[in-house]
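Please read the structure below before turning to the comments.
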Amino acid sequence: MFHFGLYLLSFAANTLVILTAPADLLRSYVLIYNGASVVFSLLFFIYFSQFATVRRSIVLVSIFVTALLAIGSGAGWYETCIIAYPGLLILTDYLATQSYGIRVVTGFRILMIVSAAPFLLMPAQFTTNIVIRVALLAVMAAAFAIAAKESHRLLVKSPIRFQIGNYLFYNGTLSLMALVVRTPEALRWWYLAAQIGLVLILKVLDYSLRRAYSLDRRTRWLAMAAAGGVPLVAFPFYPNLLALGLFYVGFTGLTLTGRYITN
């Protein structure tokens with residue numbers, strides 16, 4: 165329970181970064197961050213589920229960091245860092261959980277939470293904070309890759325089917341929500357409720373893929389029950405049976421996607 169809660173908090177810390185982005189940078193940051201997240205999450209998921217070895221990870225991190233330094237010195241550090249940031253988050257996270265034990269992973273999670281504090285304490289320094297956080301992640305990725313003595317692959321039977329299920333039932337559900345909820349205010353709350361509920365399921369699935377973790381049945385059921393109950397908060401204020409049904413289709417689809425996990 166503690167380690168899963170820490171995992172969720174580190175995810176929330178990454179969300180805090182987005183919430184503190186200044187208004188004039190928010191739109192471009194969100195568009196670039198989301199686009200890069202989709203690309204890097206797919207590429208690194210396939211790599212760590214099928215091809216990861218210690219030697220290959222060292223080469224991968226070397227190429228990534230070298231490209232970051234080369235492009236950043238020419239195109240500008242902030243612009244380069246907002247593209248590299250989601251990639252380094254995913255890469256460093258996988259390196260930690262697939263090569264090290266729970267103590268190292270716990271320390272990594274705590275550092276990720278603490279290092280998000282400057283975004284809250286010094287929001288005016290957003291661009292500087294991004295560059296510093298990316299530099300920290302780059303150093304950690306290099307250290308994890310070089311010091312690793314072993315590399316375990318993600319616990320998944322069919323990486324492609326798993327990813328298709330995630331994209332279909334998560335992104336598809338959120339996209340269709342805009343069609344079944346008519347008023348802007350109702351859509352805002354239904355979209356938020358659906359996103360929180362479905363993201364929680366995704367985090368349960370992602371957590372279960374990792375070699376360093378083992379999610380006990382009680383915690384899993386509590387998380388799934390919480391995820392399934394989130395839309396019931398919005399329903400009394402903005403009743404919509406189509407939106408409720410759509411959410412539970414996505415909920416069921418993501419739950420069934422979990423059958424591809426071998427943990």
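Sequential numbering of the sequence shown, starting at 165, is according to the working numbering.
Glycine is no exception: its CB is placed at the ideal position from the N, C-alpha and C atoms.
Tell me, please, which residues DSSP counts as bridged to residue i.
i: Val320; result: Ile425
To the nearest angstrom, how far is it from the Cα of residue i to the Cα of residue j?
i: Ile235; j: Ser279; result: 24 Å
i: Ser339; j: Ile182; result: 21 Å
i: Gly329; j: Ala299; result: 33 Å
i: Phe208; j: Gly265; result: 20 Å
i: Ala176; j: Ala309; result: 25 Å
i: Thr179; j: Thr421; result: 25 Å
i: Glu349; j: Val268; result: 44 Å
i: Ser372; j: His316; result: 14 Å
i: Leu170; j: Arg375; result: 16 Å
i: Tyr402; j: Met341; result: 13 Å
i: Ala216; j: Thr347; result: 47 Å
Would you check if the distance between the CB atom of residue i and the CB atom of residue j is smaller than 8 Å?
i: Thr383; j: Phe168; result: yes
i: Ser201; j: Leu259; result: no
i: Ala302; j: Leu252; result: yes
i: Ala407; j: Val320; result: no
i: Ile274; j: Tyr197; result: no
i: Tyr424; j: Phe326; result: yes
i: Thr292; j: Gly414; result: no
Where does residue i land, buried or exposed, given buried means 16+ other C-beta within 10 angstroms?
i: Leu393; result: The sequence as given places Gly at residue 393; Leu does not occur at that position. Result: exposed.
i: Leu405; result: exposed
i: Thr416; result: exposed
i: Arg191; result: exposed
i: Tyr412; result: exposed
i: Pro400; result: exposed
Verify the CB distance criterion: does residue i have a CB-CB separation below 8 Å to chain D?
i: Ala398; result: No chain D is part of this structure, which consists of one protein chain only.
What is the C-beta distance between residue i and residue j, in whole angstroms, given that I count them as a contact (C-beta under 8 Å)?
i: Leu189; j: Phe283; result: Not really, about 12 Å apart at Cβ, beyond 8 Å.
i: Tyr334; j: Leu418; result: 7 Å
i: Met304; j: Thr256; result: 5 Å
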